[in-house]
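Peer 1: Got a structure for you, written out below as C-alpha cells; questions coming shortly.
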Amino acid sequence: MNGRPILPMIATYLVLLAVTLVFFGPVLFMLVGSLKPDELVLAEAASWRGWVPESVSLENYRSVFERVPFGSYLASSLVINGTIVGLGLVVNAFAGYALARLQWWGREAMLAVVLAILVIPFEAIAIPLFYQLSALGWRDDHLVQAIPFVANPLAIYLFYSFFLGLPKALEEAARIDGAGVFRTFVAIVIPNSRAAFASVAIVTFLFHWGIYLWPLLMTTSESVRPLPLGIATFYTLPPLAWGDILAFGVLMVLPVLVVFVVFQRWFVAGVAATGIKG
Amino acid sequence: MIAWRHQEARAAWLLMSPALLGLGAFILLPFALALVMSFTSLRLGSPLSVEFVGLDNYREAFADPAFRRGLLNNALFALIVVPIQTALGLALAWLLDRQLRGRWLFRTLLFMPVVFPLSLVAVIWVILFAPGPDGLLNGVLSALTLGAWTPRDFLNDPVWALPAVMLTSIWQGTGFQMVVLLAGLQAIPRSLYEAAAVDGAGAWRQFWHVTLPGLRNPLIFVVIVTTILSFRVFDQVRIMTRGGPQDASTTVIHEVVRTAFDRGQVALAGAMSVIFFLLVLGLTLVQRWSMRQREEGR
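Chains A and B, in that order, give the protein sequences. Going by UniProt numbering, the letters in the first sequence line up with residues 1 to 278, in that order. Going by UniProt numbering, the letters in the second sequence line up with residues 1 to 298, in that order.
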C-alpha cells in the first residue's frame with residue numbers, strides 16, 4: 001500500500017517488541033540461568049550482566065542427570081502421554097464418527113450426554129476417582145495415570161464437528177460400492193481427516209504433558225512419576241541449586257516446544273477453531 | 001436397506017462403546033460417588049460407622065474459613081485475571097492483525113508460555129519472585145522507582161502472595177487469548193472495514209462498530225474458558241505458596257485436596273467438589289445464556 005503512515009508502523013513495532021520482551025523474558029531467564037553457575041542465577045538476575053553470561057557451561061545439565069532420575073521421569077511422561085494420545089485418537093474418533101454420521105437409536109441422547117460431561121472439570125472428580133481406583137488396588141503405575149484420560153468429551157466433540165463438515169458424497173460412494181461402516185471409516189474418512197487427527201493429537205499431547213494433580217494423588221514411586229512431579233520434587237531437594245532446576249526446566253519443556261514449533265499451524269488452527277465455533 | 005440400517009446401528013454402538021466405557025467409569029461414576037459421599041459421614045481411618053448426614057457436610061464446608069477464603073480467592077482471581085488477560089490478548093491480537101515483518105516470530109514468542117507445563121511456570125516464577133534485592137522482580141521494581149522500592153518476599157507476604165500467583169497465570173495464559181482472538185480478527189471480512197471507512201468511520205469507531213461485534217463469539221469463548229480456569233487453579237498455588245501464608249493464596253481445589261488427604265475428611269472434600277462443580281456449571285450456563293441473548297438481540 002502506498003503512503004501508509006510510517007509513524008504508527010514504528011509505534012506498532014516498538015510496542016510489540018516491548019511486550020514480547022516481557023513475555024519472552026522469563027523463558028530467556030530460564031535458558032540463560034541453566035547455563036551459568038548456580039550461585040550467579042539469583043545474584044545477577046536483576047542486572048544486565050545476568051542476561052549475558054560470561055562463561056557458558058553445561059555443568060548444570062550434567063548435574064540434573066546425576067541428582068535425579070531424569071531419564072525415568074521423561075520415560076514416564078512419554079509412556080503416559082503416548083497412551084493418552086494414541087488410544088485417545090482411536091476411541092474419540094470412533095465416538096465422534098458414530099455421533100456425526102451414523103443413524104442409530106440413542107444418538108441424540110448420547111450426544112447430549114457427551115456435551116453435559118464436557119462441563120465436569122477433572123478437579124471435581126479427582127478425589128472420588130482416587131478412592132474408586134484405590135479400592136480396586138489400582139494405583140502407582142503408568143496406566144492409571146493415562147487410562148482415565150483416554151475417553152475425552154472435548155476430543156469427541158472436536159471430531160464430531162469435524163466429521164459433520166466433511167462432504168457426504170465420498171462416504172456414500174464407498175457404501176454404494178459395498179463397503180461396510182468400518183471400511184468406509186478407515187478407507188475414506190480417516191485419510192480425509194488428517195487435519196482433525198493432527199490437531200486433536202497435538203492439543204491432547206500439549207495439555208497432558210503438564211499434568212500434575214492426578215499423578216500427585218495416584219503415585220508414590222519416583223519410577224512411575226512424570227516430569228511435572230519431577231520438577232516439583234527437584235525444586236524442594238537440598239541443596240537448592242537454581243541453575244540445576246532451570247536446566248531441568250529446559251529439558252522438560254524441550255519436547256513440547258519442538259512439537260509446538262513444528263506443528264504450530266495445526267495447533268493454532270485447532271485452538272482457534274474451538275474458539276470461533278464456541 | 002433395513003438390514004443395512006441394522007448393521008449401521010450395531011456398528012454405531014460398537015464404535016461408541018470404548019468411549020462410553022471410559023466416560024462412564026472415569027467421569028460419571030466418580031461424579032456420582034462425589035455426590036453420594038457428600039451426604040455421608042465418611043472419614044478415613046475413623047472407627048465410626050458411615051451414616052447419612054444430609055446437608056451437614058455442605059454446612060461445614062461453608063463454615064470452614066479456609067474453604068471460604070478459597071472461594072473468595074477464586075472469585076478475585078476471575079475478576080482480576082480474566083479482564084486483564086482478555087484486554088491484553090485483544091490488544092496484542094489487534095496489533096498482530098496487520099502486515100508486519102516478523103509477525104510469525106512475535107506470535108510464536110508471545111504464545112510460547114501457553115505450552116509450558118504449569119509446574120515449570122510455577123518454579124520459574126518462584127525464582128523471579130525471589131526475596132531480597134537479588135530477586136529479579138524486586139531488582140526491576142527498585143530500578144524503576146530509583147531505589148524507593150523496598151524488596152520483599154512476595155510469596156510469603158499475605159498481601160502479595162495471591163497477586164503473585166495471578167501475575168504468573170496472566171503471563172502463562174495471555175497467549176491463548178491472543179491466538180483465538182487473532183483468528184477471530186482474521187475471519188472478519190476486510191470489506192466491512194472498507195465500507196466503514198467509506199462511511200467516514202475513523203480507526204476508533206471501526207474498532208467499536210466492526211471489530212468488536214465481529215469478535216463476539218471468540219470473545220465469549222475466551223472469557224468462559226479463562227473464568228472456568230480461574231476456578232480450577234491448583235498447580236501454581238500448590239508449588240508456589242502451598243496456599244499460604246495463612247491461607248492468603250489458597251483456592252477451592254487446594255482446599256479440596258487438603259481436606260481429603262491431609263485431614264482425611266473424605267465426605268467433606270466430596271461436598272466441596274460438588275460445590276465447585278455447581279459453580280463451574282453455573283458460570284457455563286450464565287455465559288451460554290448471555291451468548292444466546294445477544295445473538296437473538298441482533
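Heads up, the beta-carbon is just placed ideally off N, CA and C, and yes, glycines get one too.
(1) Between the beta-carbon of G96(A) and the beta-carbon of F149(A), is there less than 8 Å?
(2) Please determine whether the Cβ atom of Y160(A) lies at a distance below 7 Å from any heavy atom of the ligand MN.
(3) I need the DSSP call for residue 280(A), collapsed to helix, strand or coil.
(4) Using a Cβ-Cβ distance cut-off of 8 Å, determine whether G82(A) contacts chain B.
(5) Can you tell me the Cβ-Cβ gap for D244(A) and V114(A), rounded? I've got them flagged as a contact below 8 Å.
(6) Rounded to whole angstroms, what is the Cα-Cα separation between R183(A) and A174(A)?
(7) Helix, strand or coil: which one does DSSP assign to T168(B)?
(8) Using a Cβ cut-off of 8 Å, pull out every chain B residue sitting near A95(A), in sequence order please.
(9) With a cut-off of 8 Å on the beta carbons, I'd call V50(B) and S41(B) a contact; round off their distance for me.
(10) Between E60(B) and chain A, is the shortest Cβ-Cβ distance under 8 Å, so that the two count as touching?
(11) Count the other CB atoms, across all protein chains shown, that sit within 10 Å of the CB of Q186(B); report buried if there are 16 or more and exposed otherwise.
(12) Short of 8 Å in beta carbon distance, which residues of its chain neighbour L146(B), apart from the five on each side in sequence? Order them along the chain.
(13) When you compare the CB of P121(A) with every CB in chain B, is at least one pair closer than 8 Å?
(14) Taking 8 Å as the CB-CB limit, is R5(B) close to chain A?
(15) Grouping DSSP H, G and I as helix and E and B as strand, with all else coil, what is F260(A)?
(16) Output yes if chain B places a C-beta closer than 8 Å to the C-beta of W209(A); else output no.
(17) Does L185(B) have its Cβ less than 8 Å from a Cβ in chain A?
(18) Please tell me whether E8(B) has its Cβ less than 8 Å away from any Cβ of chain A.
(19) Applying the 10 Å Cβ sphere with the 16-neighbour rule, what's the burial state of W104(A)?
(20) Whole angstroms are fine: how far does the CA of L99(A) sit from the CA of M110(A)?
(21) Please list the partners that V91(A) has in chain B, where partner means a Cβ-to-Cβ separation under 7 Å.
(22) Label I10(A) either buried or exposed according to how many other C-beta atoms from any shown protein chain fall within 10 Å of its C-beta, with 16 as the threshold for buried.
(23) In chain B, what lies closer than 8 Å to M110(A) by C-beta?
(24) Helix, strand or coil for T40(B), going by three-state DSSP, please let me know.
(25) In chain A, what lies closer than 7 Å to V123(B) by C-beta?
(26) Please state if the CB of L42(A) and the CB of W242(A) are separated by a distance shorter than 8 Å.
(27) Check whether chain A comes within 8 Å of I239(B), counting only Cβ atoms and requiring the distance to be less than that.
(28) For F116(B), which residues does DSSP report across the bridge?
(29) Residues of chain A with CB closer than 7 Å to the CB of F39(B), please, in chain order.
(30) Is it true that the stretch 197 to 213 of chain A meets the stretch 27 to 34 of chain B, where meeting means three or more beta-carbon pairs spaced less than 8 Å apart?
(31) Alpha carbon to alpha carbon, how far is V179(B) from F116(B)? Give it in angstroms, no decimals.
(32) Please classify F52(B): does DSSP put it in a helix, a strand, or coil?
(33) Could you tell me whether any Cβ in chain A is nearer than 8 Å to the Cβ of G243(B)?
(34) Do you know whose CA, among I220(B), V198(B) and A9(B), lies nearest S290(B)'s CA?
(35) Apart from the five residues on each side of it in sequence, which residues of its chain come closer than 8 Å, Cβ to Cβ, to W266(A)?
(36) According to DSSP, simplified to helix, strand and coil, what is S223(A)?
Peer 2: Answer, in terms of the structure:
(1) Going by C-beta atoms, G96(A) is not nearer than 8 Å to F149(A).
(2) Summarising the ligand content, the structure contains no ligands, and the ligand MN is consequently not present.
(3) Missing from the structure shown is residue 280(A); chain A here goes from 1 to 278 and no further.
(4) no
(5) Their Cβ separation, rounded to whole angstroms, is 45 Å, which puts D244(A) and V114(A) out of contact at 8 Å.
(6) 9 Å
(7) Here DSSP, grouped into helix, strand and coil, assigns T168(B) to helix.
(8) L15, M16, P18, A19 and L20
(9) 6 Å
(10) Not one chain A Cβ lies under 8 Å of E60(B).
(11) Burial state of Q186(B) is exposed, judged by a 10 Å Cβ sphere holding fewer than 16 other Cβ atoms.
(12) Answer for L146(B): no residue qualifies.
(13) yes
(14) yes
(15) helix
(16) Yes - at least one Cβ of chain B is within 8 Å of the one on W209(A).
(17) no
(18) yes
(19) buried
(20) 8 Å
(21) Under the 7 Å cutoff, chain B gives P18, A19 and G22.
(22) exposed
(23) Listed along the chain, the chain B residues whose CB falls inside 8 Å of the CB of M110(A) are M16 and L20.
(24) In the structure shown, T40(B) sits in a strand (DSSP, three-state: E or B).
(25) I231, Y235, I245 and G249
(26) Yes, Cβ-Cβ distance for W242(A) and L42(A) is below 8 Å.
(27) Chain A contact via Cβ: present.
(28) According to DSSP, F116(B) bridges with nothing at all.
(29) Under the 7 Å cutoff, chain A gives no residues; its nearest Cβ is about 13 Å from F39(B).
(30) no
(31) 16 Å
(32) strand
(33) no
(34) I220(B)
(35) A195, A198, S199 and I202
(36) helix
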